[in-house]
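Visitor: Be aware that the sequence shown starts at 1, since it is given in the UniProt record's numbering, and climbs by one per residue.
Yeah, the Cβ is synthetic: ideal placement off N, Cα and C, and Gly gets one too.
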Amino acid sequence: MDQSLNVFVMVAEKQNFSRAAEELHMTQPAVSQYIRSLEETMDVRLLERTNKYVRLTKAGEIVYHHAKEIVGLYGRMQHLVNDLSNEASGQLSIGASYTFGEYVLPHILARLLKDYPRIQPDVTIGNTAEIADLIMSRQLDVGIVEGRFKENRQLTTQAFAEDRMILVASADHPLTLTERDLEWKELEAQTWIIREEGSGTREAAESIFDRHSISPVRTMQFTSTQPIKEAVGAGLGISLLSEWAVQKDIRYGELVQLPVKDLPFVRQFSIVTSSQYQTKALKVFLELLLNNRELTLFREC
Numbered sequence: 001m002d003q004s005l006n007v008f009v010m011v012a013e014k015q016n017f018s019r020a021a022e023e024l025h026m027t028q029p030a031v032s033q034y035i036r037s038l039e040e041t042m043d044v045r046l047l048e049r050t051n052k053y054v055r056l057t058k059a060g061e062i063v064y065h066h067a068k069e070i071v072g073l074y075g076r077m078q079h080l081v082n083d084l085s086n087e088a089s090g091q092l093s094i095g096a097s098y099t100f101g102e103y104v105l106p107h108i109l110a111r112l113l114k115d116y117p118r119i120q121p122d123v124t125i126g127n128t129a130e131i132a133d134l135i136m137s138r139q140l141d142v143g144i145v146e147g148r149f150k151e152n153r154q155l156t157t158q159a160f161a162e163d164r165m166i167l168v169a170s171a172d173h174p175l176t177l178t179e180r181d182l183e184w185k186e187l188e189a190q191t192w193i194i195r196e197e198g199s200g201t202r203e204a205a206e207s208i209f210d211r212h213s214i215s216p217v218r219t220m221q222f223t224s225t226q227p228i229k230e231a232v233g234a235g236l237g238i239s240l241l242s243e244w245a246v247q248k249d250i251r252y253g254e255l256v257q258l259p260v261k262d263l264p265f266v267r268q269f270s271i272v273t274s275s276q277y278q279t280k281a282l283k284v285f286l287e288l289l290l291n292n293r294e295l296t297l298f299r300e301c
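1) Mind checking who leucine 182 pairs with in its DSSP beta bridge?
2) Between the segment 177-188 and the segment 245-254, do three or more beta carbon pairs fall short of 8 Å?
3) May I ask you to list the residues that DSSP assigns as paired with methionine 220?
4) Determine the contact status of phenylalanine 265 and isoleucine 194, defining contact as a CB-CB distance below 7 Å.
5) Of all the options Phe269, Arg267, Lys52, Ser239, which has the alpha carbon lying nearest to the alpha carbon of glutamine 257?
6) Quick check: arginine 251 and aspartate 163, are their CB atoms within less than 7 Å of each other?
7) In angstroms, rounded to a whole number, what distance separates the CA positions of isoleucine 131 and tyrosine 74?
8) Using CA coordinates, which residue listed in Gln120, Leu134, Val81 is at the minimum distance from glutamate 69?
9) What are the boundary residues of the alpha helix (DSSP H) that includes serine 97?
10) Under a Cβ-count criterion, where at least 16 other Cβ atoms within 10 Å of its own Cβ denotes burial, should arginine 211 be classed as buried or exposed?
11) Determine the DSSP secondary structure at glutamate 287, reduced to helix, strand or coil.
12) Pick out whichever of Glu146, Met42, Ile94, Lys280 has its Cα sitting closest to the Cα of alanine 59.
13) Measuring CB to CB, does serine 97 end up less than 7 Å from isoleucine 119?
14) Run through DSSP, which three-state label would glycine 90 get?
15) Report yes if the CB atom of asparagine 16 is closer than 7 Å to the CB atom of valine 54, and no otherwise.
16) Per DSSP, alanine 169 forms a beta bridge with which residues?
17) Determine the contact status of glycine 235 and glutamate 254, defining contact as a CB-CB distance below 7 Å.
18) Sorted by chain position, which residues of the same chain lie with C-beta nearer than 6 Å to leucine 297's C-beta, five sequence neighbours on each side aside?
19) Terminal residues of the continuous beta strand (DSSP E) containing aspartate 122?
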C-alpha cells in the first residue's frame, strides 16, 4: 500500500503534522514529504495549512473518505493472509450501539481475550445508525446493534439475542405506589426521558407510543443510556430502557420497574458485517456471540 495514504489519513485525523509524525514514529519533514508527494500525484491541494491549524480541502475530504477505506481494506487483507498459518490475533474493529456496547460487550471481550490474548479489540460506541454507516464505509469489521436500520445489500445482518425493554422510574416516584398495571393514557402525562434520533432505544420508545396511541406531554433527550438512568433516578421522569442496562440498578433499589400491560417490549440485537471474508479474530468473536453463553451468564449475574 502507498504509505502516503496512511500518512495522509493520520495528518487529517490529528490535524497536526507534529502529532501525526509522533504517532507514526517518523520525522515531521518525512511526513511533509509524503503529503507533498500525494498532492503532486493527485495534482490538487489536499490540506490547508497555517500556523494554527491543518484542515482538509474539499478535494482532501474526498481523498480522506476513500483513503480511510483503502487503509482498512489493506489491513484486513494482511490479517487474512496471516490467518492462513497463525492463530487468531491482530486488530479487531468492533462497533456497538450504546446499550450493548456499554453494558454487555465488556463481558464478551473479557472472555474473548482470556481465550485469545493476541487479539487487539478496538471498540467504537455509537447509535445504531452511526454504527451501520461505519460498517458500510468498511471502518469496522463488525457491528452489534439493536432496532432496525435502512436495508442495504452490502450489509449482512443476523439476529443473535433478545433485548427486553422495560419501563423504569425512581424508587420514590408516585407511580411506584400502585399495585395494579398502569394504563398507557396515564403514562402520557409523565415526562419521558428518551434517546436521540437514530438510536435503537429511541426507535423502541416511538414504537410503543405509536402502538398505544400516546404522545407524551413532555420529553427530555439524552445521547446515551447512562445519563438517562441518572435523570430517572433523580426523579426527572420515566424511561423505556433495556433490561440489560438497568438490572443492577433495580437490584440495588436505585430504579424500579413499573408494572405496565404489554411490556416488556422485545427487540433483537443483531450482528452486522459487510464482507464475506473474515479474519480468524472476527470468526472467533462471532462464534462467541452466537454461542450466547456469555449473554446468559451476564443476565443471571
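Guide: Quick answer:
1) Val260
2) no
3) Ile193
4) no
5) Ser239
6) no
7) 21 Å
8) Leu134
9) No alpha helix (DSSP H) contains serine 97, which DSSP labels as neither H nor E.
10) exposed
11) helix
12) Met42
13) no
14) strand
15) yes
16) Val256
17) no
18) For leucine 297, the predicted structure reports a pLDDT of 47, less than 50, and the residue's modelled location is therefore unreliable. A value from the coordinates is still provided. Excluding residues within five positions, none has a Cβ falling inside 6 Å.
19) 119-125
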